[in-house]
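Numbering-wise (my numbering), the first sequence opens with residue 6 and increments by one. We put the beta carbon where it would ideally sit given N, CA and C, even for glycine. For reference, the structure discussed in these notes is given below.
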Amino acid sequence: MHQTYISDIAAREGETVEIRGWLYNLRSGGKLKFLQVRDGTGMIQGVLSKKEVSEEVWTAAQELTQECSIIVQGQVNKDERAPSGFELWLKDLIIVGSADEYPITKKEHGDAFLLDHRHLWIRSRRQHAILRIRHQVIKAMRDFFDDLGFINLDAPIFTPNASEGTSTLFETDYFGDKAYLSQSGQLYMEPGCAAFGKVYCFGPTFRAEKSKTRKHLTEFWMLEPEVAYMDLRGCMELGEDMLCFIIRRVLERCKSELNTLDRDISKLECIQKPFPRIHYKEACEILVDKGIDFTPGDDFGTPDEEALVEGYDKPLLIHHFPAAIKAFYMKCEANDPETSLSVDFIAPEGFGEIIGGSQREDNLDILKQKIKSHDLPSEAFEWYLDVRRYGTFPHSGFGLGLERTIAWICGIRHIRETIPYPRLMHRLKP
RNA sequence: UCCUCGGUAGCUCAAUUGGUAGAGCGGGUGGCUGUUAACCACUAGGCUGGGGGUUCAAGUCCCUCCCGAGGAGCCA
6 MHQTYISDIA AREGETVEIR GWLYNLRSGG KLKFLQVRDG TGMIQGVLSK KEVSEEVWTA
66 AQELTQECSI IVQGQVNKDE RAPSGFELWL KDLIIVGSAD EYPITKKEHG DAFLLDHRHL
126 WIRSRRQHAI LRIRHQVIKA MRDFFDDLGF INLDAPIFTP NASEGTSTLF ETDYFGDKAY
186 LSQSGQLYME PGCAAFGKVY CFGPTFRAEK SKTRKHLTEF WMLEPEVAYM DLRGCMELGE
246 DMLCFIIRRV LERCKSELNT LDRDISKLEC IQKPFPRIHY KEACEILVDK GIDFTPGDDF
306 GTPDEEALVE GYDKPLLIHH FPAAIKAFYM KCEANDPETS LSVDFIAPEG FGEIIGGSQR
366 EDNLDILKQK IKSHDLPSEA FEWYLDVRRY GTFPHSGFGL GLERTIAWIC GIRHIRETIP
426 YPRLMHRLKP
């Protein structure tokens, strides 16, 4: 018999089908057993009645354990008592592979235990919902840019030097030379947009900072678009449009997953243009007015960010940060070299910064000067400076942290659940 | 690196002023024809993170080390 996927089962009412999957849970009576079977596409309740099956099948059913792999055949019936509204009247059952003492039981577990068993944890309902949403977010991001005529131009992971000089990098041996795992693809996108106009890269990035918070991973995925002839205003609009597109797509395609996560959907439905925008100086005034201990000119810490987004139900755009606290490649106001053409997107509900972007410095001499004043090795940036030597042009882009965006959309506290295999300061396994 | 909290059965957690180490889940055995994290009965399961100390007596108090968590800094 052909395999049927549980996601298609509603259309097969009355038919006898074969499901190949795993036993999620078993509730057993003396002559009646209820099998919760999952196959990756969904979950269905199988009903096994002693007097309706052969002795071999009933004997085999005595060996069922949580997460053993099984192939079952049965008739699809509508029944209000079944968790999904449909159930399978089982006629045949084969145990493909046994599973002794599956570690993840029906009661709660601690974070460390679940992360140690991440390879099994991803079988569970909640993790399934999160990772399905991750899949749709990634697809939505790509569709958004592809539909606008962008080219996906991925950046290398091995890089010869730091892009911003501030973050700690993972160092590796590269045939006797030092190489570093990429912490941003941005420098490679700038030449890319000179070649193709509109480009983006999407890949893993690595930060060796010893951050131990629910918002940090040492390996995370970043989406970085870069557009020729786009200014800071255009950059803010692009980020806004993209976030709205992603949210709308998730609402269209992942309602049941959001329900599984108990996500308040109204919090996502209100994410529509325009997003609130405030100038850095205005943000400083707000913090001072709120009586928060903050020195104007500094970068915002987590408590500052939370105080600023308080009261907003959409991402907050803070723009025109002081140049001194931002990366060397950011362009400054024409009449104010102290102020950078930069923007941060702060997600509501305490999920923090999800996008950082800017207009890039396009003047060769100013950029050379900035590299020098940031104590960066100028020879390492010669290739990057070529973008300014051969037909310079205004351009802008941003970086979006995928996992923080997913945490926000899903409404989950820990970023580590938003990636299949999280890499944290104290976690390299499994 | 700093601050705070934690480590007891396979897992999640209890254990009163220091006084015999307990429950639920999971495992095993038996029962149950409509279960919804099913239920009922019985059962096995412990170097209380390691080391040192105080005490008649330490899971509990002190010192030290190890491991973990989330917050700061830094960032997405």
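(message) Out of Arg253, Pro399, Phe333, Gly355, which one is the CA nearest neighbour of Cys198?
(response) On the first sequence, residue 198 is found 193 positions in, with the first residue counted as 1. For the residues Arg253, Pro399, Phe333, Gly355, the minimum Cα distance to Cys198 belongs to Pro399.
(request) Give the DSSP-derived three-state secondary structure of Asn264 in the structure shown. (result) Residue numbering aside, residue 264 sits at position 259 when the first sequence is read from its first letter. Residue state, collapsed to three classes: helix.
(message) By DSSP's criteria, Gln8 is part of a beta bridge. Which residues make up the other side?
(response) In the first sequence, the residue the question calls residue 8 occupies position 3. The partner list for Gln8 (beta bridge, DSSP) reads Glu23.
(message) Considering only DSSP beta bridges, list what Leu95 is partnered with.
(response) Locating residue 95 in the first sequence gives position 90, where the first residue counts as 1. Answer by DSSP bridge pairing, in chain order: Gly79.
(message) Residues in the same chain with beta-carbon distance under 6 Å from His133, minus the five sequence neighbours each way, listed in chain order, please.
(response) Taking the first sequence and counting its residues from 1, the one referred to as residue 133 is at position 128. Cβ within range, chain order: n/a, list empty.
(request) Grab the span of the alpha helix (DSSP H) containing Cys73 for me, first residue to last. (result) For the purposes of this step, residue 73 is identified with residue 68 of the first sequence, where counting begins at 1. Premise fails: Cys73 is in no alpha helix (DSSP H) and is neither H nor E.
(message) Quick check on DSSP: helix, strand or coil for Thr171?
(response) The sequence position of residue 171 within the first sequence is 166, counting from 1. Summary for Thr171: the model assigns pLDDT 49, below 50, so the residue's position carries little reliability; its value from the coordinates is reported in the next sentence. Three-state DSSP puts Thr171 in coil, outside helix and strand.
(request) Answer yes or no: do Asp236 and Gln364 have a C-beta to C-beta separation smaller than 9 Å? (result) Translated into positions along the first sequence, residue 236 becomes position 231. Translated into positions along the first sequence, residue 364 becomes position 359. Yes.
(request) Assign Thr177 to one of three DSSP states: helix, strand, or coil. (result) Sequence index remark: in the first sequence, residue 177 carries index 172 (1-based). In the structure shown, Thr177 sits in a strand (DSSP, three-state: E or B).
(request) Would you kindly work out how many angstroms separate the C-alpha atoms of Ala16 and Thr9, rounded to a whole number? (result) The residue labelled residue 16 in the question sits at position 11 within the first sequence. The residue labelled residue 9 in the question sits at position 4 within the first sequence. Approximately 11 Å between the Cα atoms of the pair.
(request) May I ask you to report which of helix, strand or coil DSSP gives Gln132? (result) Your numbering for residue 132 matches position 127 in the first sequence. DSSP places Gln132 in helix when its eight states are reduced to three.
(request) Go ahead and pull the three-state DSSP assignment for His324. (result) Mapped onto the first sequence, residue 324 falls at position 319. His324: strand per DSSP, three-state reduction.
(message) Given this structure, state the Cα-to-Cα distance separating Phe326 from Thr70, to the nearest angstrom.
(response) The sequence position of residue 326 within the first sequence is 321, counting from 1. The sequence position of residue 70 within the first sequence is 65, counting from 1. In a straight line, the C-alpha of Phe326 is about 58 Å away from that of Thr70.
(message) In the DSSP output, which residue or residues are listed as bridge partners for Phe163?
(response) Looking up residue 163 in the first sequence gives position 158. Note: Phe163 sits in a beta bridge opposite Leu186.
(message) Within 10 Å of its beta-carbon, does Val293 have 16 or more other beta-carbons around it, so buried, or fewer, so exposed?
(response) Working through the first sequence from its first residue, we reach residue 293 at position 288. Counting Cβ neighbours within 10 Å, Val293 comes out exposed, since fewer than 16 surround it.
(message) Residues in the same chain with beta-carbon distance under 8 Å from Thr171, minus the five sequence neighbours each way, listed in chain order, please.
(response) For this step, residue 171 is matched to residue 166 along the first sequence. Note on Thr171: pLDDT 49, under 50, position unreliable in the model; no value is reported.
(request) Report the three-state DSSP secondary structure of Gln374 (helix, strand or coil). (result) Locating residue 374 in the first sequence gives position 369, where the first residue counts as 1. Three-state DSSP puts Gln374 in a helix.
(request) Have a look at Leu98 and Ser129 and give me their C-alpha separation to the nearest angstrom. (result) As a working mapping, residue 98 is identified with position 93 in the first sequence. As a working mapping, residue 129 is identified with position 124 in the first sequence. So the alpha carbons of these two residues sit roughly 23 Å apart.
(request) Could you name the residues that DSSP lists as bridge partners for Gly402? (result) Here residue 402 refers to the residue found at position 397 when the first sequence is read from its first residue. Its beta-bridge partners are Glu231, Ser363.
(request) For Ala332, write down the residues that DSSP places opposite it in a beta bridge. (result) The residue you call residue 332 lines up with position 327 of the first sequence. Ala332 is not bridged to any residue.
(message) Among Gln80, Leu153, Trp27, whose alpha-carbon lies nearest the alpha-carbon of Ala506?
(response) Missing from the structure shown is residue 506; the chain here goes from 6 to 435 and no further.
(message) Could you pull the DSSP bridge partners for Ala352 from this structure?
(response) By one-based count along the first sequence, residue 352 stands at place 347. Gly357, per the DSSP bridge assignment.
(request) May I ask you to verify whether the segment 385 to 401 touches the segment 228 to 244, counting CB pairs closer than 8 Å and requiring at least 3? (result) yes
(request) Could you spell out the range, first to last residue, of the alpha helix (DSSP H) harbouring Glu311? (result) On the first sequence, residue 311 is found 306 positions in, with the first residue counted as 1. Residues 307 to 314.
(request) Under 8 Å Cβ to Cβ from Pro88, same chain only, skipping five residues before and after it: list those, please. (result) The residue labelled residue 88 in the question sits at position 83 within the first sequence. So the list reads Gln41, Met48, Gln50, once near-sequence residues are dropped.
(request) Would you mind giving the Cβ-Cβ distance between Cys249 and Ile276, rounded to the nearest angstrom? I have them listed as a contact below 8 Å. (result) If you number the first sequence from 1, residue 249 lands on position 244. If you number the first sequence from 1, residue 276 lands on position 271. Right, their Cβ atoms sit about 6 Å apart.
(request) Could you check the C-alpha separation between Met430 and Ile424 for me, to the nearest Å? (result) By one-based count along the first sequence, residue 430 stands at place 425. By one-based count along the first sequence, residue 424 stands at place 419. Their Cα atoms are separated by approximately 15 Å.
(request) Take Phe39 as the anchor and find which of Asn264, Gln67, Lys215 has the nearest alpha-carbon. (result) Residue mapping note: residue 39 aligns to position 34 of the first sequence, counting from 1. Nearest of Asn264, Gln67, Lys215 to Phe39, Cα basis: Gln67.
(request) Would you kindly check if the distance between the Cβ of Gly416 and the Cβ of Leu266 is under 9 Å? (result) Locating residue 266 in the first sequence gives position 261, where the first residue counts as 1. Locating residue 416 in the first sequence gives position 411, where the first residue counts as 1. It is a contact, given that the beta carbons lie within the stated cut-off.
(request) Taking 9 Å as the cut-off, decide whether the C-beta atoms of Asp159 and Phe207 are in contact. (result) Residue numbering aside, residue 159 sits at position 154 when the first sequence is read from its first letter. Residue numbering aside, residue 207 sits at position 202 when the first sequence is read from its first letter. Yes, they are a contact pair.
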